[in-house]
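Reviewing the structure listed below.
Residue numbers (the working numbering): 11 to 42.
As structure tokens, this is what we get:
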């Protein structure tokens, strides 16, 4: 998967956290 796709996943996670009233931080750990 490309770096851009991984970043999109992290952003989606942050957006979901914000919707739930949590701190909007998204992170994805990729071991290549």
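Here a beta-carbon is modelled for each residue, glycine too, at the ideal position from N, C-alpha and C.
Boundaries of the alpha helix (DSSP H) in which residue i is found, first to last residue
{"i": "residue 17", "result": "13–29"}
Beta-carbon proximity list for residue i, same chain, < 6 Å, skipping 5 on both sides
{"i": "residue 40", "result": "16"}
Close beta carbons around residue i, own chain, < 8 Å, minus the five adjacent residues each side
{"i": "residue 33", "result": "27"}
{"i": "residue 37", "result": "20, 23"}
Residues near residue i by beta carbon distance below 7 Å, same chain, minus five either side
{"i": "residue 29", "result": "none"}
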